[in-house]
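What follows is a single structure, written as structure tokens, with notes after it.
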């Protein structure tokens, strides 16, 4: 139990002023602007939007500045801000098939229609520190242009290529596509959770946690051996249908990373063996998260696939109850706040227990010290 | 223009099946409006503002609904084509304006720029009234298409052909 404390206002105010001073750092160094963060720390921005569950680059940049670069703190700020806004609408399901591609690769098909498009990636870099970025900054570089733009339409590896032969399971589209969609921001999570709820949870889940769980599935704690069927990153338009208009309108583009994994096959007496699949979709450019999400999504489909639960990643309740870093950090860090009353209670208890034990021992001692005539004989 | 229905600030509900399916076929006028609204939603406030001031600065108009910042819950589909799920929210600003002849214009634009939404709604109204900003919309659309193509060409320069090597011991 947590009992509130009062007082300490002056110390708290001064602590916040000290925090502000330290955030600013050495005043001889130019202050960082939020547009610089938005442009030049764009992958931090992406992570804060994804886990803050609110797509707004400027706000994410501000949150990062305010949080001194502590991304979980920034995510907390985004979550708090989003509770102040009304929700106007649900979008129509975005069409990742129509994505304006910035990157699209497959690890399973070498020659795929539309090609392997590397895009802006750290892959194949040497991971050597580039000291020119520190010394004199870099000259603005212009990336070279190809002769022709990338194809407008890139076939989806799993649905358009593998599924041609029926080699991969279909994504089960519910018979009733108008059924309500679970929303963990509005209703309490109940178990067993549907895939809609699981995917929402994973998409806003902590990158490190989802990464570790994804890794655990590869190491044998859920035997669902995965290949990356396809990763695509780029922008898609978002459509809503406002009531007052009565038709769909396009309100702008957002960037997304999507990953589809091709997993261990499965067959039965009635069905030919076919590959199974996992799905990852996150705001912005974040392949690590998208791949991890797809691995964990696949692992959490254990029940549906009739698989034995052998690892934490397959346990939806365990995963979903611990994936949210705002929740986790809230509970983990709250134990540093004053718990004087609780602790006082514990202290009393331990003292009493010790006294009782000491008294019992003392009594025992007097009894053994007393002359024992019978024993003497 | 169609009558304006009340806006609610409460959580959006989506019980209407029409709001959930893929885009239904629409008539030509609606398709044209969808196009210019989409172009306006992607145009920065400064561009809209200066064009409005130059061309329509002397017009009378009023706010039917003040620009309001809110969110849209973005939905995806499992596997890209399967069951729907809530991915996360995005900030959106909406606005409605009335021109002096009663034409109502609407805007819903990504982000939190109230003035961008206001000018987008004004241009929507003008386009509905007399289509007089058609050339401006066309210019914006072609600039947006150019930017998209330039990006797609830079991306195309990163297209690779992986090839697998036959190892010597197999020969």
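Chains as they are written, first to last, in the working numbering: chain A, 1 to 377; chain B, 1 to 171. Think of the CB as a built atom: it goes at the ideal place given N, C-alpha and C, for glycine as much as any other residue.
Chain A beta carbons: is any one of them nearer than 9 Å to that of residue i?
i, result
"residue 101 of chain B", "no"
"residue 63 of chain B", "no"
"residue 152 of chain B", "yes"
"residue 72 of chain B", "yes"
"residue 94 of chain B", "yes"
"residue 156 of chain B", "yes"
"residue 91 of chain B", "yes"
"residue 108 of chain B", "yes"
"residue 86 of chain B", "yes"
"residue 125 of chain B", "no"
"residue 133 of chain B", "no"
"residue 21 of chain B", "Note that residue 21 of chain B scores 43 on pLDDT, short of 50, meaning its location in the model is unreliable; the coordinates nonetheless yield the value given after this. Chain A, which has a Cβ nearer than 9 Å to the Cβ of residue 21 of chain B, makes this yes."
"residue 5 of chain B", "With a pLDDT of 42 at residue 5 of chain B, under the threshold of 50, the modelled position of that residue is not reliable, and the figure given next carries that caveat. Interface residue, yes."
"residue 149 of chain B", "yes"
"residue 68 of chain B", "yes"
"residue 75 of chain B", "yes"
"residue 112 of chain B", "yes"
"residue 83 of chain B", "yes"
With DSSP collapsed to three states, give me the class of residue i.
i, result
"residue 13 of chain A", "helix"
"residue 21 of chain B", "For residue 21 of chain B, the predicted structure reports a pLDDT of 43, less than 50, and the residue's modelled location is therefore unreliable. A value from the coordinates is still provided. Residue state, collapsed to three classes: coil."
"residue 124 of chain B", "helix"
"residue 54 of chain A", "strand"
"residue 268 of chain A", "coil"
"residue 43 of chain B", "coil"
"residue 161 of chain A", "helix"
"residue 134 of chain A", "helix"
"residue 258 of chain A", "strand"
"residue 312 of chain A", "helix"
"residue 118 of chain A", "coil"
"residue 239 of chain A", "strand"
"residue 386 of chain A", "Past the edges of chain A, shown from 1 to 377, lies residue 386 of chain A, and the structure says nothing about it."
"residue 108 of chain B", "strand"
"residue 292 of chain A", "helix"
"residue 100 of chain A", "strand"
"residue 286 of chain A", "coil"
"residue 89 of chain A", "strand"
"residue 129 of chain A", "coil"
"residue 39 of chain A", "helix"
"residue 278 of chain A", "strand"
"residue 168 of chain A", "strand"
"residue 105 of chain A", "strand"
"residue 160 of chain B", "strand"
Could you say which of the options lies nearest to residue i if we only look at CA atoms?
i, options, result
"residue 115 of chain A", "A/33, A/148, A/188 and A/136", "A/148"
"residue 220 of chain A", "A/40, A/272, A/310 and A/118", "A/310"
"residue 36 of chain B", "B/151, B/125, B/51 and B/74", "B/125"
"residue 162 of chain A", "A/33, A/113 and A/202", "A/113"
"residue 197 of chain A", "A/24, A/319, A/68 and A/252", "A/319"
"residue 173 of chain A", "A/102, A/93 and A/207", "A/93"
"residue 317 of chain A", "A/139, A/117, A/20 and A/299", "A/299"
"residue 323 of chain A", "A/346, A/205 and A/273", "A/205"
"residue 192 of chain A", "A/20, A/17 and A/314", "A/314"
"residue 62 of chain B", "B/119, B/143, B/99 and B/71", "B/99"
"residue 194 of chain A", "A/80, A/303, A/45 and A/333", "A/303"
"residue 143 of chain B", "B/39, B/26, B/128 and B/96", "B/39"
"residue 251 of chain A", "B/65, B/44, B/108 and B/129", "B/108"
"residue 42 of chain B", "B/129, B/53, B/116 and B/134", "B/116"
"residue 46 of chain B", "B/149, B/118, B/129 and B/159", "B/118"
"residue 87 of chain A", "B/84, B/85 and B/93", "B/93"
"residue 238 of chain A", "A/66, A/77 and A/99", "A/99"
"residue 293 of chain A", "A/43, A/51 and A/182", "A/51"
Does residue i have its Cβ less than 9 Å from a Cβ in chain B?
i, result
"residue 224 of chain A", "no"
"residue 267 of chain A", "no"
"residue 245 of chain A", "yes"
"residue 304 of chain A", "no"
"residue 38 of chain A", "no"
"residue 185 of chain A", "yes"
"residue 119 of chain A", "yes"
"residue 316 of chain A", "no"
"residue 221 of chain A", "no"
### Task
Give the residues from the region 130 to 157 of chain A that approach chain B closer than 7 Å (Cβ to any Cβ), ordered along the chain.
143, 144, 145, 146, 148, 149, 150 and 156
### Query
At a Cβ cut of 7 Å, what residues of the region 27 to 50 of chain B count as close to chain A, listed as they run along the chain?
30, 34, 37, 38, 41 and 42
### Message
Output needed in chain order: residues of the region 200 to 219 of chain A with a Cβ under 7 Å from some Cβ in chain B.
### Response
200, 203 and 204
### Query
Which residue spans inside the region 27 to 102 of chain B form an unbroken alpha helix (DSSP H) run of at least 4?
With a minimum length of 4 residues, the continuous alpha helix (DSSP H) runs that stay inside the region 27 to 102 of chain B are 28 to 41 and 45 to 56.
### Query
Unbroken alpha helix (DSSP H) runs of length 4 or more, entirely within the region 194 to 252 of chain A: which are they?
195 to 203 and 207 to 218
### Query
Name the residues in the region 68 to 91 of chain A whose C-beta lies less than 8 Å from a C-beta of chain B; which are they?
82, 85, 86, 87, 88, 89, 90 and 91
### Message
So if I threshold CB-CB distances at 9 Å, which residues from the region 251 to 264 of chain A count as touching chain B?
### Response
Correct list: 251, 252, 253, 254, 256, 258 and 260.
### Query
For the region 279 to 312 of chain A, which residues have a beta carbon sitting closer than 9 Å to at least one beta carbon of chain B?
279, 281, 282, 283 and 297
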